[in-house]
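Numbering (the numbering used here), first residue to last: 6 to 568.
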């Protein structure tokens, strides 16, 4: 079983490497031990759309490679497009172009999956079932149906074997990242293993349709008092990890201006309502829809907004909400120092070694944008600049923050198309001020003071015990510290390579010397065989030395090719 898995991974690994080489990423492989899996025949030139791949930019080729590598890498790229703190800005922009569209799988397979997952036949569950899918993506596809009880529904079915394929690709990606960590850092990806962890958490949730059903139920409960938007019901009794049945809703896309006007609905009013819905989710409840692109927002004939697809949702803790709002409030007051303080409150970790320079960089951003007329600037420009600063200073913030950034950019794009005087700042400002007022309420101040007192009490209680433990270790001579040296991994590999070559050199020299000594006698046994005038022992020694020499030479030449 283990060997079967190994060989499957090996074949898939070679397939991945072939595509990487196709798009000109030989250096990606050559600067890691992955080069050992690449044959010389794989090093050939390729075209993309009748155009040499090397004529595209590096980031374009990364995106193209992800498209060709399949569902795992498409989803990885899409998830990373929401994390500009761990990949460069240019790569984020390319990943945002990825379209998650693949051909649908046959109805027979969808039927088999539904029946296996639910334990019922299709005829038992549905009165009607559309064989042709409404939409198809890398993880699954959606069919329209009608339950036996009469409700119209949509049925989301997971693609066959996609979970196994993603699991296999994940194991390969993990291994590859470990081998290429030093090279990835040179390319601007500072923490490759964190990238994989982020992806693994996100894709695990997306593969579990029960997780989306739970998100839907929580949304319906949290916002049950809201009448201006609606969340379609999930039929949990029929849903499983691979099948999700949801209420079918009629409506048009939020960007379908002609249809809205035909229904007598003001597009500008819909935009204002949509912004209010999302901002209240973010700043009041801290639990929000994470993917508000036009395909996931419908409007019905009554002007009610309908939210779809809850595979990606975001959350912000109360303290993170205050810090996030504080960043924009400080910016509006032109206070770079306070903005820096709020960013550090929001950060999970950072690498800010020079606080003064950090404040100067934020002040430059404020000077560039804060004095512009609203019509000349956009929230997306500010967000991109802010993300660049976060990336430069290795500031890691809660993942929900980048979902908010992405949501702001998408909503601003929708707003500018449909609203003649759309000003994102005008919508955000009242919520920021409201949060600031909320933070200063007596009950919140009392709660924060109580938390600080609790932390201080815990520190005072634990400090004497920990101090006594340290003194006891010192008195027993058992106190020792650990020093972690970084960056020596490559040197060790280099020394290992050099020592291997030296060993082969010594073997070659020993064989040549021994074979030459064997030539010295003038008389040999009568049964001694000779080859080309050389006795068999010397001939064998010289032959083995020649083989080792060729291995040694091949290793040197191969290293030069990949250098």
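Ideal Cβ placement from N, Cα and C applies to all residues, glycine included.
Taking only three categories from DSSP, how would you classify residue 250?
By one-based count along the chain shown, residue 250 stands at place 245. DSSP places residue 250 in strand when its eight states are reduced to three.
Report the rounded CA-to-CA distance for residue 43 versus residue 122, giving the unit in angstroms.
Here residue 43 corresponds to residue number 38 of the chain shown, with the count starting at 1. Here residue 122 corresponds to residue number 117 of the chain shown, with the count starting at 1. The pLDDT assigned to residue 43 is 48, lower than 50, so where the model puts this residue is not dependable; a value taken from the coordinates is nonetheless given after this. Each residue's alpha carbon lies about 41 angstroms from the other.
Comparing alpha-carbon positions, which option in 476, 458, 515 and 302 lies nearest residue 415?
Reading the chain shown from its first residue, position 410 is the one you call residue 415. The shortest Cα separation from residue 415 among 476, 458, 515 and 302 belongs to 302.
Shortest alpha-carbon distance to residue 209 belongs to which of 225, 19, 242 and 167?
Residue 209 sits at position 204 when you count from the first residue of the chain shown. For the residues 225, 19, 242 and 167, the minimum Cα distance to residue 209 belongs to 167.
So is residue 293 buried or exposed if we call it buried at 16+ other beta carbons inside 10 Å?
If you number the chain shown from 1, residue 293 lands on position 288. Looking at its Cβ environment, which holds 16 or more other Cβ atoms inside 10 Å, residue 293 is buried.
Find the nearest neighbour of residue 395 within the set 372, 357 and 368, judged by alpha-carbon distance.
Along the chain shown, one-based indexing puts residue 395 at 390. It is 357 whose Cα lies nearest to the Cα of residue 395.
Under 9 angstroms between the Cβ atoms of residue 170 and residue 76?
On the chain shown, position 165 is the one that residue 170 refers to. On the chain shown, position 71 is the one that residue 76 refers to. For residue 170 and residue 76, yes; Cβs fall inside 9 angstroms.
Based on DSSP bridge pairs, tell me the residues matched to residue 312.
On the chain shown, position 307 is the one that residue 312 refers to. Residue 312 pairs with 302.
Comparing C-alpha positions only, which one of 216, 119 and 312 sits nearest to residue 129?
Counting from 1 along the chain shown, the entry for residue 129 is found at position 124. Checking every option, the nearest Cα to that of residue 129 belongs to 119.
Tell whether a beta-carbon distance below 9 angstroms holds between residue 239 and residue 213.
Residue numbering aside, residue 239 sits at position 234 when the chain shown is read from its first letter. Residue numbering aside, residue 213 sits at position 208 when the chain shown is read from its first letter. The answer is no: Cβ separation not under 9 angstroms.
From residue 83 to residue 459, what does the alpha carbon distance come to, in whole angstroms?
By 1-based counting over the chain shown, the position of residue 83 is 78. By 1-based counting over the chain shown, the position of residue 459 is 454. Approximately 42 angstroms, taken between the alpha carbons.
So within the region 67 to 151, which uninterrupted alpha helix (DSSP H) runs reach at least 4 residues, ignoring any that extend past its ends?
Qualifying alpha helix (DSSP H) stretches, in chain order: 76 to 85, 94 to 100, 112 to 123 and 127 to 130.
In whole angstroms, what is the alpha-carbon distance linking residue 161 and residue 103?
Here residue 161 corresponds to residue number 156 of the chain shown, with the count starting at 1. Here residue 103 corresponds to residue number 98 of the chain shown, with the count starting at 1. Taking the straight line joining both Cα atoms gives about 21 angstroms.
If we count Cβ pairs, one from each stretch, closer than 8 angstroms, do we get three or more for the region 407 to 421 versus the region 304 to 315?
Taking 8 angstroms as the limit for Cβ pairs, the verdict is that the region 304 to 315 does not touch the region 407 to 421.
Reducing DSSP to helix, strand and coil, say where residue 236 ends up.
Residue mapping note: residue 236 aligns to position 231 of the chain shown, counting from 1. Of the three classes helix, strand and coil, the one that applies to residue 236 here is coil, per DSSP.
Once the 5 residues before and after residue 2 are set aside, which same chain residues still bring their CB inside 8 angstroms of it?
Because the chain is modelled from 6 through 568, residue 2 falls outside the range shown and cannot be assessed.
Is any heavy atom of the ligand FAD found at a distance shorter than 8 angstroms from the C-beta of residue 395?
Inclusion of the ligand FAD in the displayed structure is not the case, the ligand content being empty and no account of it being possible.
Tell me which residue opens and which closes the alpha helix (DSSP H) that residue 577 is part of.
The structure shown does not extend to residue 577, since the chain is modelled only from 6 to 568, so the question has no answer here.
Is the distance from the Cβ of residue 332 to the Cβ of residue 391 below 9 angstroms?
The count along the chain shown starts at 1 and reaches residue 332 at position 327. The count along the chain shown starts at 1 and reaches residue 391 at position 386. Taking 9 angstroms as the Cβ cut-off, residue 332 and residue 391 qualify as a contacting pair.
Would you mind giving the Cβ-Cβ distance between residue 108 and residue 143, rounded to the nearest angstrom? I have them listed as a contact below 8 angstroms.
Looking up residue 108 in the chain shown gives position 103. Looking up residue 143 in the chain shown gives position 138. Between residue 143 and residue 108 the Cβ distance is about 11 angstroms, and since that is not below 8 angstroms, they are no contact.
If I measure Cβ to Cβ from residue 536 and keep anything under 7 angstroms in the same chain, skipping five residues before and after, which residues do I get?
Along the chain shown, one-based indexing puts residue 536 at 531. Answer for residue 536: 544, listed in chain order.
Take residue 554 and list the residues in its own chain whose beta-carbon comes closer than 8 angstroms to its own, dropping the five residues that flank it on each side.
Counting from one through the chain shown, the residue named residue 554 turns up at place 549. Around residue 554: 513.
By Cβ distance below 8 angstroms, which residues in the same chain neighbour residue 71 in space, the five residues on each side in sequence not counted?
Position 66 of the chain shown holds residue 71. Excluding positions up to five away in sequence, the list reads 78, 79, 81, 82, 100 and 103.
Residues in the same chain with beta-carbon distance under 8 angstroms from residue 323, minus the five sequence neighbours each way, listed in chain order, please.
Sequence index remark: in the chain shown, residue 323 carries index 318 (1-based). Counting only Cβ-Cβ distances below 8 angstroms, and skipping sequence neighbours, we find 291.
Please classify residue 467 as buried or exposed, where buried requires at least 16 other C-beta atoms within 10 Å of its C-beta.
Reading the chain shown from its first residue, position 462 is the one you call residue 467. Exposed.
Mind checking whether residue 429 and residue 280 have CB atoms under 9 angstroms apart?
As a position in the chain shown, residue 429 is number 424, starting the count at 1. As a position in the chain shown, residue 280 is number 275, starting the count at 1. Cβ atoms of residue 429 and residue 280: closer than 9 angstroms.
With respect to the alpha helix (DSSP H) encompassing residue 389, which residues constitute its N-terminal and C-terminal limits?
For the purposes of this step, residue 389 is identified with residue 384 of the chain shown, where counting begins at 1. First-last of the alpha helix (DSSP H) with residue 389: 384 to 397.
Return helix, strand or coil for residue 228, following the three-state DSSP convention.
Here residue 228 is taken as the residue at index 223 of the chain shown, counted from 1. Residue 228 falls in the coil class under three-state DSSP.
How big is the Cα-Cα spacing for residue 131 and residue 116?
For the purposes of this step, residue 131 is taken as residue 126 along the chain shown, with counting starting at 1. For the purposes of this step, residue 116 is taken as residue 111 along the chain shown, with counting starting at 1. C-alpha separation (whole angstroms): 11 angstroms.
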